[in-house]
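Chains as they are written, first to last, in the numbering used here: chain A, 602 to 1061; chain S, 602 to 1061.
C-beta: ideal position from N, C-alpha, C; glycine also.
Here's the structure we're looking at; comments come further down.
There are 2 protein chains.
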Amino acid sequence: MTASPTNSVLPALEGAIGASKVSAAREVLEEYSHDLGPIEAAAVPLAVVFAESVEDVQATVRACAAAGTRIVPRGAGSGLSGAAHAIENSIILSFERMNRILEIRPDDEVAVVEPGVINADLNAAAAEHGLMYAPDPASHGFSTIGGNIGTNAGGLRCAKYGVTRDSVLGLDVVLADGTLVRVGRGTFKGVAGYDLTGLLVGSEGTLGIVVAATVRLRYLPVAVRTIAAFYADFASAAAGVLAVGRARVQPAIMELMDAGSLADADRLNGSDLLSRGRALLLIQTDGFGAEPEAEVVRRVLAETGAALLDDDPEEAERLVFLRRNSRGIGQDSQFRVGEDVAVPRSRLVDYVHELERMAAEHRVDVKVVAHAGDGNLHPEFSVDPGSPDLAEAVTRLNEALDESIDVALAMGGTITGEHGVGSFKLRWLPLEQSERLRDLQHRIKDVFDPHGILNPGKAV
Amino acid sequence: MTASPTNSVLPALEGAIGASKVSAAREVLEEYSHDLGPIEAAAVPLAVVFAESVEDVQATVRACAAAGTRIVPRGAGSGLSGAAHAIENSIILSFERMNRILEIRPDDEVAVVEPGVINADLNAAAAEHGLMYAPDPASHGFSTIGGNIGTNAGGLRCAKYGVTRDSVLGLDVVLADGTLVRVGRGTFKGVAGYDLTGLLVGSEGTLGIVVAATVRLRYLPVAVRTIAAFYADFASAAAGVLAVGRARVQPAIMELMDAGSLADADRLNGSDLLSRGRALLLIQTDGFGAEPEAEVVRRVLAETGAALLDDDPEEAERLVFLRRNSRGIGQDSQFRVGEDVAVPRSRLVDYVHELERMAAEHRVDVKVVAHAGDGNLHPEFSVDPGSPDLAEAVTRLNEALDESIDVALAMGGTITGEHGVGSFKLRWLPLEQSERLRDLQHRIKDVFDPHGILNPGKAV
């Protein structure tokens, strides 16, 4: 009996890197078959590879290239768009064992890490030197630097400190034929050739596989002030966001929660946020100017009608913690989808009004949290999984989703602010980008991955 | 007589966009034939096109594509690496007439500009709203946003605010066949598809021609403090840079001038800087924390042996002005070449020691200014143009140049921190980037420009 190319990859992988780094156990295949994004076309991988070294990754890529097997790289599997979902004829390449911080050079303000390092672990190590790794997605406690790079993750602090791309200086990358290359640089500045680092960041493993990253560290702020402002409605809170901007204060964090999100938090935590207001604006200032900035913020928020939680910094901190963890780590499903549009900051209010309108029209529930400093909104649409006509409810949910995208684009926004296209948002990409633009990206993909084995069908 | 393709482009251009926008006058061709980078292979363009609209650019590209004529885009011609040098069978496409600020949206903190807008003009317009466009190359008084984008220009403020790439959100781009596409976004965050905006920024017009840019604006700081610190030697001043970092203060500007640069400034301005010290460290803090940050900076610099110009803020400001303009706008030549390496911050002192050693060994003059916050150095090498054996002097200069590159790379640095590869630094690119990496870039170039008409022989 001749083994099909598909079946032969497992022994080939075991031969190449050792059986202890490869699993085809059913429960492992199932566990690693998807990230937290909605699953539309479930697939089971042929194997899960637990690489322990750059050489393991190279050998894995070569074995897969020879067998025509596709490779889906995976950090913690905490992505929200399906970029790490298994596809037909694929293996999952997990980086959880490549989790060493290779170097921290405090005077250079640089760290070199393997892709499986947990974001929070890098921050803990950097903090010993008075430094931090700025990008802080809500998943920072469990997501990996490699996964953050694959999706160009944002987070709360990026209002002031930028997104993942802004902290990545250089990458070691295994190409589709197993060759190892180094792109970018080890210095803060550098313009030699095209910006391949930027091209790879956010490419969801479709162009190359990141096996090490040189990242810039920032100064751990000497002071932090947290301001919690409750408003009677979302529109007033959004006006507060613009007022802070007009006062020329750049907060490190500027988060908005609507009534639905506050109710959710109350249910989860036994708090009574909703009794204090129908919208919450959370602002952190940091650094040497934290206190004078906070004074200005308090003044302009009071002028926009906020009820300030003024004398209880611990409670304010606790609210930021609740906000950071408001999403939880639940799997999106056909009944509940978290969105990720971004609009120009001045359109925040208009956009939320539109969300409320379309929720009513399509009879779906919606609640919103927003990285308001960046105009990045996370509406969460849901329908009751116990609806009598479930198919009809899912249809209504999808109609609301599609409309929420159309409206964001009409306002000059984007379909994804920080979660990435993955597989789930591919249907909306043509609404944002012209055919020519998408064709250019596919041809760039062909340059890097001529045989289409690197996470095909994702990102572009 | 049949016109050669080369000769036919002039009437084709005049027919396509009108004779008033095309010149082939000898003095115009000469004036526009080069930027401020060293000229190694002088070429005269066939024509200079002064585009006034996107349609002019599209028509120009189509006419050149049909004639097989190459296109060299040009902002102000203030580049230092030859990216805007004319090449054989080329036209120069000048953007000086496309200099309108199309939009400033203060609440969105965004501006949309044509590529010919002067950097300082955009800053003046933004300042009316309490905003600024952060990237500030020394040429900001005359260089254009389009040119800044083409080279991914840095500047003084990028220690805190990042380089050009960090302020560009989206671009309108004319492709090699004349098609207009929009890449990127109008929002602060966005991760839809590959980062083509980042790929185009710094690509020196080799992938597409930027005809409009959406840029992020930052807050004009509410306060600025300037600290001028004279040191007995460069090593002590560089130690001051690291001390400020260890105190976790992020200055907006952190500039170093060595004794040669101070002597130069004295000669140009009639000042007496050199009598006050053999190295000058200039630091600006800004924002709400400017004063407490400046206090920390003054303390740690005093501890590293600095003589502070403490009680004369106007004089300190004047020194920053002198530093900004220390390079002048002179043309580099075979007798004088300004360099642009970057090294990890902790290697600043080592690198300058090496520079002094190689200057002595090769009997060339060297002086250095550095964007010390970024580890980006601008050594200027020169030999006496009146040397008896000129060819030998030029050889010595080039040997010193080559060695300065080797040493920077050996320290983990890059051949170009902010000026770009252009044509002049192509000879060093293989020292920094592997053949595979360069091949990938050439294949990306082929995707965008299959017939090689967009500024070929530059950047990669």
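> Is it right to say residue 830 of chain A is buried, meaning 16 or more other beta carbons lie within 10 angstroms of its own, or is it exposed?
Replying inline: buried
> What span of residues does the beta strand (DSSP E) with residue 972 of chain A cover, start to end?
Replying inline: 966–972
> For the putative contact between residue 888 of chain S and residue 845 of chain S, defined by C-beta atoms under 8 Å, what is the C-beta separation to the nearest angstrom?
Replying inline: Their Cβ separation, rounded to whole angstroms, is 16 Å, which puts residue 888 of chain S and residue 845 of chain S out of contact at 8 Å.
> Would you call the segment 835–845 of chain A and the segment 872–886 of chain A in contact, with 3 or more CB pairs under 8 Å?
Replying inline: yes
> Roughly how many whole angstroms lie between the Cα atoms of residue 680 of chain A and residue 712 of chain A?
Replying inline: 24 Å
> residue 1044 of chain S versus chain A: which residues are under 8 Å apart at the beta carbon?
Replying inline: 1048
> Within 8 Å (strictly less), CB to CB, does residue 810 of chain S reach chain A?
Replying inline: no
> Quick one: is residue 1034 of chain A buried, meaning 16 or more other Cβ sit within 10 Å of its Cβ, or exposed?
Replying inline: buried
>> Using 8 Å for Cβ pairs, my map puts residue 717 of chain S next to residue 697 of chain S. What's the rounded Cβ distance?
In response: 5 Å
> To which residues does DSSP link residue 887 of chain A through a beta bridge?
Replying inline: A/825
> In the structure shown, what three-state DSSP assignment does residue 653 of chain S receive?
Replying inline: coil
> How about residue 980 of chain A and residue 956 of chain A: do their beta carbons lie closer than 8 Å?
Replying inline: yes
>> Under 8 Å, Cβ to Cβ, is there at least one residue of chain S near residue 796 of chain A?
In response: yes
> Secondary structure at residue 621 of chain A, three-state DSSP: helix, strand or coil?
Replying inline: helix
> How big is the Cα-Cα spacing for residue 1017 of chain S and residue 941 of chain S?
Replying inline: 5 Å
> Closest Cβ-Cβ distance between residue 1035 of chain A and chain S: below 8 Å?
Replying inline: yes
> With C-beta atoms as the reference, is residue 796 of chain S less than 8 Å away from residue 775 of chain A?
Replying inline: no
> Nearest-angstrom Cα distance between residue 826 of chain A and residue 724 of chain A?
Replying inline: 20 Å
>> Does residue 846 of chain S come out as helix, strand or coil in the three-state DSSP assignment?
In response: helix
> residue 637 of chain S by DSSP, collapsed to three states: which one?
Replying inline: coil
>> For a test of your reading of the model: does the CB of residue 1037 of chain S fall under 7 Å from any non-hydrogen atom of the ligand GTP? Yes or no.
In response: For the structure depicted, the ligand GTP is absent and the ligand set is empty, with no information on it obtainable.
> What's the gap between the Cα of residue 852 of chain A and the Cα of residue 886 of chain A?
Replying inline: 5 Å
> Looking at the structure shown, is residue 785 of chain S part of a helix, part of a strand, or coil, going by DSSP?
Replying inline: strand
>> Counting only Cβ-Cβ distances shorter than 8 Å, please list the residues of the segment 837–858 of chain S near chain A, keeping chain order.
In response: 843, 846, 847, 849, 850 and 851
> Which of the three DSSP states, helix, strand or coil, is assigned to residue 911 of chain A?
Replying inline: coil
> Which bits of chain S does residue 651 of chain A rub up against, with CB to CB less than 7 Å?
Replying inline: Those do not exist, as residue 651 of chain A stays about 27 Å from chain S at its closest Cβ, beyond 7 Å.
> What does residue 821 of chain A reach in chain S if we use C-beta pairs closer than 8 Å?
Replying inline: 849
> On the three-state DSSP scale, how would you describe residue 697 of chain A?
Replying inline: coil
>> Does the CB of residue 770 of chain S have a neighbour CB from chain A at under 8 Å?
In response: no
> What in chain S is Cβ-close to residue 1016 of chain A, meaning under 9 Å?
Replying inline: 791 and 793
>> Quick check: the Cα distance between residue 612 of chain S and residue 658 of chain S, rounded to an integer number of angstroms?
In response: 16 Å
> For residue 707 of chain A, which residues does DSSP report across the bridge?
Replying inline: According to DSSP, residue 707 of chain A bridges with nothing at all.
>> Please report the distance separating the alpha-carbon of residue 874 of chain S from that of residue 920 of chain S.
In response: 9 Å
>> At the level of alpha carbons, what is the spacing between residue 915 of chain S and residue 749 of chain S?
In response: 30 Å
> For residue 1030 of chain A, which residues in chain S fall below 9 Å Cβ to Cβ?
Replying inline: 793 and 794
>> Quick check on residue 763 of chain S - is its C-beta less than 8 Å from some C-beta in chain A?
In response: yes
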